[in-house]
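**Q**
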Amino acid sequence: AHTYLYTLGYNAPEHALVQEGYSEEEFWPAYEKMTDALRPWTIDFHVAQNDGEVHGAGSHDKTGKHCPADDPNGKLDITRCAGYWLKDYADRGIEHICWDGCMFPNATLENSDTWNTILKAMIDVRDVHCQK
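In terms of the numbering used here, the sequence shown has 43 at position 24, counting the first letter as 1, and numbering is strictly consecutive.
1) Can you tell me which of the three DSSP states N125 falls into?
2) Helix, strand or coil for D63 per DSSP?
3) Is F123 near P87, with beta carbons less than 8 Å apart?
4) Alpha carbon to alpha carbon, how far is L27 from A35?
5) Compute the beta-carbon to beta-carbon distance between Y25 and Y103, rounded to the nearest angstrom, for a pair I have assumed lies under 8 Å.
6) Apart from the five residues just before and just after I62, which ones in its own chain have a Cβ nearer than 8 Å to its Cβ?
7) Might you give, ordered along the chain, the residues of its own chain that have their beta carbon closer than 7 Å to the beta carbon of H148, omitting 5 neighbours on each side?
8) Look at V73 and D119 and say whether their C-beta atoms are less than 8 Å apart.
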């Protein structure tokens, strides 16, 4: 989810891989370029959703704000994005995935539907991209 803002060049506009108003046809090759560059250093994988909003203040880098997996404002196709990160996962020693983005209000975290939706997203990723 944080790499969504990286692809947009939020903290470094000169390195943006897509421009505001991008199309799906522009986004996916850019996302693949970014994951191809970073994947070799990925030793674990955290699944998350991002709504394109920003968290952070001051002079340090700002990062994407996680949102629930089924948020209607979510910008990512979680399952498709995961595939770029999980390419050759077994060769890199990745044995499990986890959900990243549980920085939600307690009421959200205490709702079992939240966890059922997260589990469904993770199972979808596993079923599409991981060996059984």
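Beta carbons are placed, not taken as given, at the ideal position from N, Cα and C, and that holds for glycine.
**A** Taking the structure as given:
1) Correct three-state label for N125: helix.
2) Three-state DSSP puts D63 in coil, outside helix and strand.
3) Yes, they are a contact pair.
4) Straight-line spacing of the CA atoms in L27 and A35 works out to 5 Å.
5) Incorrect: roughly 13 Å between the Cβ atoms, too far for contact.
6) So the qualifying residues of the chain are R111, G112, I113.
7) These residues qualify, in order along the chain: A101, G102, L105.
8) Taking 8 Å as the cut-off, the beta carbon of V73 is found no closer than this to the beta carbon of D119.
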